[in-house]
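S.K.: One structure, as structure tokens, below. Some questions next.
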Amino acid sequence: MYYNSVLYDKKYKNIKITFLAQKYISDILFKKNIYGISVRVFVIYPGTPNVETCLVYCSPGEEEINDIKIQLKKFNLYIEKKSLPFLNNAVIDFNTHNIGGNIIINAPNTQIPYLKTSTLENKVNYVLYNEINPQLAIHQGGIKLINITNENVVLLKFTGGCQGCNIVNITLKNNVERTLLERIPELTGVIDITDHTDNINSWNYTN
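Positions in the sequence shown are counted from 1; adding 1 to them yields the numbering used here.
What follows is the structure, encoded as structure tokens:
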């Protein structure tokens with residue numbers, strides 16, 4: 002049974018939190034003895050193998066300006082706005098076991114491909130993890146997003162066998178940059194900020 006069921010927007014379905022989960026969270030927050038403390042839910046790396054749905058404490062002022070605020074009976078629940086599409090049909094519940102219990106979040110849509118409404122960060126991570134990194138892994142390499150500038154330029158770092166590789170510039174131009182710009186037209190460029198002088202684990206091409 003659910004205490005609260007909120008339709009945030011016609012495009013999105015409900016996010017539910019069970020009575021047991023609310024009671025458990027409320028008891029934990031009470032013990033924190035911080036006036037106005039709440040909890041916040043967000044998704045990191047959605048649409049990728051590293052996706053994680055997080056529920057964290059949120060002291061007054063720590064919530065983001067665009068967060069969706071849900072007023073429950075004894076505390077507020079904040080939902081990160083950019084995570085909302087990936088939290089459709091999510092259920093926050095309490096799992097009882099022999100030594101007590103824990104909060105579990107069943108969020109079936111966190112691994113769906115990126116949407117038109119997704120942030121640039123989510124789109125880039127989706128392409129990196131699902132298209133580019135599987136190819137780089139052949140040579141024990143990888144690449145990760147560091148930042149996206151205000152001009153929509155992606156800053157990336159190579160890792161593993163790609164760091165210090167003697168053909169990394171070719172990989173950057175012919176694989177990484179081309180794929181990202183084709184898949185995500187909003188991007189204006191791709192810059193490698195890796196320190197390639199550290200090449201102890203590098204894979205090097207030889208004829």
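Positions of the beta carbon are idealized from the N, C-alpha and C atoms, including for glycine.
Would DSSP call T54 helix, strand or coil?
M.R.: Residue state, collapsed to three classes: strand.
S.K.: Between K17 and N89, what straight-line distance do the alpha-carbon atoms span, to the nearest angstrom?
M.R.: Using only the alpha carbons, I get a separation of about 10 Å.
S.K.: According to the Cβ coordinates, are V40 and F87 closer than 9 Å?
M.R.: Not in contact: V40 and F87 (Cβ atoms no closer than 9 Å).
S.K.: Could you compute how far the alpha carbon of Y127 sits from the alpha carbon of T180?
M.R.: Looking at the two C-alpha atoms, the distance is approximately 12 Å.
S.K.: Do the CB positions of I105 and L157 come within less than 9 Å of each other?
M.R.: Taking 9 Å as the Cβ cut-off, I105 and L157 do not qualify as a contacting pair.
S.K.: Taking 9 Å as the cut-off, decide whether the C-beta atoms of T189 and V154 are in contact.
M.R.: For T189 and V154, yes; Cβs fall inside 9 Å.
S.K.: Do you know whose CA, among I69, G161 and T54, lies nearest P109's CA?
M.R.: Of the candidates I69, G161 and T54, the one whose C-alpha sits nearest the C-alpha of P109 is T54.
S.K.: Take I66 as the anchor and find which of V52, L73 and K83 has the nearest alpha-carbon.
M.R.: Considering only alpha carbons, the answer is K83.
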